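In this note's numbering, the protein residues as written are 1 to 377.
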Amino acid sequence: MEGVEVKSDFGGVFTGKTVLVTGHTGFKGSWLSLWLTELGANVIGLALPPEAQPNLYEQLGLHNLMDSRLGDVRDLDLVQKILRETQPEIVFHLAAQPLVRRSYDEPVETFAVNVLGTAHLLEAVRKTGSVRVCQVITTDKCYENREIDYAYKETDPLGGRDPYSASKACAEMVVSSYRVSFFSKPGAASLSSTRAGNVIGGGDWAEDRLIPDCARSLMASHPIAVRNPRAVRPWQFVLDPLSGYLKLASLQWVNPQNYSEAWNFGPRLGSARCVEEVVDLVLKAWGSGEKRDAIDPSSPHEAGLLQLDSSKAMERLKWKPVYDLEAAIARTMEWYRASQKPGFNALDFTRGQIRDYAAAALKAGLPWVAQAAKASL
Ligand SMILES: NC(=O)c1ccc[n+]([C@@H]2O[C@H](COP(=O)([O-])OP(=O)(O)OC[C@H]3O[C@@H](n4cnc5c(N)ncnc54)[C@H](O)[C@@H]3O)[C@@H](O)[C@H]2O)c1
């Protein structure tokens, strides 16, 4: 992407804006914060200290690039104080307890962080008045999963069997309630919620997630333990949903009332594949390694089949995913492979992947890339 002015992407909306990202010390939050700094935003973060070791936040040195505030979204006074002090114009709320298996061990904490944390954030947005765009990141798991061959649409019923899924369905209800109760008058903040699938990419070091588990096993030359081989998930490269979040936020900025609703950002059709197939693609991309069966009949219930219908975002936002599953896995494993080399510079490598992604989006003619937008005028 030599010579390309990244700052003009997404209509240049983010340049010079004060943007709050909650959950900026996590996997998706780190990628989003870095991309926003590339777009010229003044980025503020609110999250707990990074948990995993290593973690992408520290690998990127993000504390040098943004105003990072460490704190708990369960503390309403603190959330309000941070918004009052920083006066953000755009907010992305990603802070959450995002793990299904952990939600079985810590259900009350999961509900407190994911539901009350969302209410606290929206309350602070309501009281602060500086925010014009607010986006709450939930998940594809917020739908009542009927375990049938069907891709869920935004109008389908919410639900959730495990505490994580139920907490995100509850967060969606909090968003709807705040939208109609407080954010529907002219001049109020535009409030959207976004539902993506299973996100993969370099720098995810979370426990109990397929790709980090694969990367850790391959790096240690251990066989990959496959726990849930038949489970089908909508896998997608991390920058695919993030480009959707950014595209949506840029349109919310320009036309606040038109986009204040729920949006799916799933992968291309055909990317919903079972865990075993994904592990085979990971092994192919890595070039060596083995897998082993680790089915545990006593492990807690996890959904077997889940697919998302993103036609609304494709039609109304002119958004679409850029990478297919093979490319997503290839880019992901390139990141982990590079991270093993002495002198690995995570910041340069990750910035390079963002630029390569924008170059691929340009080639695909996606209008959020400044050059593609200009060419279509
Ligand atoms: N990774 C996926 O596949 C995926 C898929 C769909 C939706 N999501 C959603 O995207 C968001 C980010 O997920 P991720 O994969 O980056 O997770 P992650 O675990 O890597 O990051 C979670 C972030 O939330 C912060 N956080 C947790 N509890 C907090 C608290 N009490 N107060 C303040 N901050 C707190 C953490 O510090 C961290 O910064 C979450 O809302 C998650 O539900 C993730």
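Using N, Cα and C, we set each Cβ at its ideal position, and we do this for glycine too.
Note that the structure is a prediction, hence the values are computed from the model and not measured.
Taking 6 Å as the cut-off, is the CB of residue i close to at least one heavy atom of ligand 1?
| i | result |
| --- | --- |
| residue 27 | yes |
| residue 233 | no |
| residue 98 | yes |
| residue 23 | yes |
| residue 180 | no |
| residue 329 | no |
| residue 292 | no |
| residue 125 | no |
| residue 166 | no |
| residue 275 | no |
| residue 254 | no |
| residue 94 | yes |
| residue 278 | no |
| residue 137 | yes |
| residue 115 | no |
| residue 346 | no |
Taking the C-alpha atoms as reference points, what is the distance between residue i and residue j?
| i | j | result |
| --- | --- | --- |
| residue 133 | residue 308 | 24 Å |
| residue 99 | residue 208 | 8 Å |
| residue 43 | residue 94 | 14 Å |
| residue 190 | residue 97 | 25 Å |
| residue 227 | residue 274 | 12 Å |
| residue 71 | residue 154 | 32 Å |
| residue 356 | residue 144 | 36 Å |
| residue 270 | residue 345 | 34 Å |
| residue 332 | residue 310 | 23 Å |
| residue 197 | residue 140 | 5 Å |
| residue 297 | residue 15 | 51 Å |
| residue 91 | residue 63 | 18 Å |
| residue 115 | residue 174 | 7 Å |
| residue 111 | residue 79 | 17 Å |
| residue 74 | residue 120 | 7 Å |
| residue 234 | residue 29 | 20 Å |
| residue 61 | residue 374 | 34 Å |
| residue 32 | residue 213 | 22 Å |
| residue 316 | residue 294 | 43 Å |
| residue 371 | residue 245 | 20 Å |
| residue 329 | residue 283 | 10 Å |
| residue 2 | residue 68 | Note that residue 2 has pLDDT 46, beneath the 50 cutoff, so the model's placement of it is unreliable and the number below is only indicative. Their backbone Cα atoms lie some 30 Å apart in a straight line. |
| residue 88 | residue 66 | 13 Å |
| residue 7 | residue 37 | 9 Å |
| residue 281 | residue 199 | 15 Å |
My guess is that residue i and residue j are in contact by the Cβ rule of under 8 Å, so how many angstroms apart are they, rounded?
| i | j | result |
| --- | --- | --- |
| residue 18 | residue 50 | Contact doesn't hold; Cβ gap of about 23 Å is too wide. |
| residue 128 | residue 83 | 4 Å |
| residue 285 | residue 322 | The Cβ separation is near 17 Å, so there is no contact. |
| residue 318 | residue 264 | About 15 Å; that fails the 8 Å criterion. |
| residue 243 | residue 368 | 6 Å |
| residue 383 | residue 151 | Here the chain comprises residues numbered 1 to 377, so residue 383 is not present and cannot be evaluated. |
| residue 165 | residue 142 | 7 Å |
| residue 272 | residue 172 | The Cβ separation is near 21 Å, so there is no contact. |
| residue 27 | residue 56 | 6 Å |
| residue 237 | residue 201 | 6 Å |
| residue 34 | residue 350 | 6 Å |
Looking only at DSSP bridge pairs, what is residue i linked to?
| i | result |
| --- | --- |
| residue 198 | 235 |
| residue 291 | 224 |
| residue 191 | 134 |
| residue 152 | 308 |
| residue 352 | Answer is none; residue 352 lacks a bridge partner. |
| residue 345 | Per DSSP, none; premise fails for residue 345. |
| residue 92 | 21 and 135 |
| residue 70 | 47 |
| residue 273 | 233 |
Check residue i in the structure and name its three-state DSSP category.
| i | result |
| --- | --- |
| residue 319 | coil |
| residue 366 | coil |
| residue 205 | coil |
| residue 182 | helix |
| residue 262 | strand |
| residue 139 | coil |
| residue 29 | helix |
| residue 176 | helix |
| residue 3 | Only weak support exists for where residue 3 lies, its pLDDT of 45 falling under 50; the coordinates are left without a value. |
| residue 268 | coil |
| residue 42 | strand |
| residue 324 | coil |
| residue 14 | coil |
| residue 99 | coil |
| residue 126 | helix |
| residue 158 | strand |
| residue 217 | helix |
| residue 146 | coil |
| residue 255 | coil |
Does any CB atom of chain D fall closer than 7 Å to the CB of residue i?
| i | result |
| --- | --- |
| residue 259 | The structure shown contains no chain D; it is built from a single protein chain. |
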